[in-house]
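Numbered per the numbering used here, the sequence shown spans residues 3 to 276. Where a beta carbon is used, it is the ideal one built from N, C-alpha and C, also for glycine.
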Amino acid sequence: MADNRPIGIFDSGIGGLTVLREIIAAVPNESTIYFGDDGRSPYGTKSHDTIINYSLQDMKFLKEQDVKMIVIACNTASTHAYKTLSSMCDVPVVEVVVPGAKAAVEATRNGRIGIIATRATIGSGVYEAAVREYGKDIEGLEVISQACPLFVSLAEEGWWDNEVAYLTACQYLEPLKAAGVDTVVLACTHYPLLARTISKVMGPQVKLINSGVAVASVVKNILESNGIASDGRNVIRKFYTSDDPKLFERVAAPFLGRGLPSGTKRVQVDKYDT
Ligand code: DGL
Numbered sequence: 003m004a005d006n007r008p009i010g011i012f013d014s015g016i017g018g019l020t021v022l023r024e025i026i027a028a029v030p031n032e033s034t035i036y037f038g039d040d041g042r043s044p045y046g047t048k049s050h051d052t053i054i055n056y057s058l059q060d061m062k063f064l065k066e067q068d069v070k071m072i073v074i075a076c077n078t079a080s081t082h083a084y085k086t087l088s089s090m091c092d093v094p095v096v097e098v099v100v101p102g103a104k105a106a107v108e109a110t111r112n113g114r115i116g117i118i119a120t121r122a123t124i125g126s127g128v129y130e131a132a133v134r135e136y137g138k139d140i141e142g143l144e145v146i147s148q149a150c151p152l153f154v155s156l157a158e159e160g161w162w163d164n165e166v167a168y169l170t171a172c173q174y175l176e177p178l179k180a181a182g183v184d185t186v187v188l189a190c191t192h193y194p195l196l197a198r199t200i201s202k203v204m205g206p207q208v209k210l211i212n213s214g215v216a217v218a219s220v221v222k223n224i225l226e227s228n229g230i231a232s233d234g235r236n237v238i239r240k241f242y243t244s245d246d247p248k249l250f251e252r253v254a255a256p257f258l259g260r261g262l263p264s265g266t267k268r269v270q271v272d273k274y275d276t
C-alpha cells in the first residue's frame, strides 16, 4: 500500500534547499515538508551540544507533522547529531555524509580527495573518517580537509560568481591545489551555489561532489526497499522557517527555482523539549 505521508527535511537555514531540489528531481511524486532554522543559523560556528539540541528540536517539529522519513539536509547537523537523532526516531533518518563520502571515493582517480565544509563539520572529523573508511582500499589515499566559513555568507548574499567569491576561493582552496586533489567534496549545503567559482579556481579537471544528488538516491532506495513510496496523489510542498517567512522566501528562491518556496510559515522551534 502507498504511504502518502510527506518526507521531512531540515537544515540550519536555506542551504538544505539544494538537497531538497535533488530530492524533488529524484522522487517528484513525494510530498515534502522543509524546515529551515534560519532564526538560529549558522550551525557551523556552534558547539557540538548546541548543534545536537537544535537538531533534536528540528526533528521533533517535523515528527509532529507526521512525516515518514527525516532527511538531515545539513552537513554540520549530520556530522554532530545523526547518531543521536537516528537512535531517537521511529522513522528512517537520512544524513548527508556517507552518500557524499562514497561518491568521492568512487570519483577519484589519483586517491587525493579534498573536503570543504564549515568549521564545525571539519572539526568533527566525521567526514574525513567516512572518506578514509570507504576509501580504505585506495593505495596512498590522501584526504585534505579545509574549513571555508565565508562561503556560507557569500552564498546567502548571492555572490556566487564574482571577484570577491573568486579571491576568497583562491585563498581557501590553496592547500587543496597544492596537494593535487582530483576530487573535492562540497560538504556544506551552500557550496553547490559556488560550484562555478570553485571550479574556476581548482580547474575543470577536478570533480566536484554535490552530496545532494547522492542523498536523493539514498532517499529513493529507502522509499522502495521499505515499501513506503507515495502513489503521487495530492503532492504537497510545505515550507517552514524559524525566522521571517518573507526573508526566507526571498533568499531561498534562487536555491529552488520553479516558483518555490511559497506559503512559508513561521514556527517557534525552541518550544520543543530535547
Ligand atoms: N547547512 C550548513 C551545512 O551544511 C551550512 C550553514 C551553517 O553553518 O549552518 O553545514
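In the assembly as shown, L169 is an exposed residue. Its beta-carbon has fewer than 16 other beta-carbons within 10 Å.
Counting only runs of 3 or more residues that sit fully inside the region 188 to 255, the beta strand (DSSP E) segments are 209 to 212, 239 to 243, in chain order. DSSP lists I11, F241 as the bridge partner or partners of Y36. Burial state of R252 is exposed, judged by a 10 Å Cβ sphere holding fewer than 16 other Cβ atoms.
Going by C-alpha positions, V221 is about 13 Å away from S232. With a contact defined as Cβ atoms closer than 8 Å, T78 and T20 miss out at about 14 Å. Counting only the Cα atoms, E176 lies some 35 Å from I26. Pairing Y56 with D272, the inter-Cα distance amounts to about 8 Å. Looking at the DSSP output, Q148 bridges to I118. The C-beta distance from I115 to T185 rounds to 5 Å, short enough to meet the 8 Å contact threshold. Of all C-beta pairs linking the region 36 to 47 to the region 102 to 110, fewer than three are shorter than 8 Å, placing the two stretches out of contact. One alpha carbon belongs to G15, the other to I53, and they sit about 13 Å apart.
By the criterion of a C-beta distance shorter than 8 Å, C91 is surrounded in its chain by M61, K65, I72, once the five residues flanking it on both sides are discounted.
Relative to ligand 1, the nearest heavy atom lies less than 8 Å away from the CB of G17.
Pairing L156 with M3, the inter-Cα distance amounts to about 45 Å. In the DSSP assignment, V100 falls within the unbroken alpha helix (DSSP H) covering 99 to 109. A Cβ-Cβ distance of about 15 Å is found for the pair H192 and F250, leaving them out of contact under the 8 Å criterion. Closest option to L22, judged by alpha-carbon separation, among S213, Q148, H82: S213.
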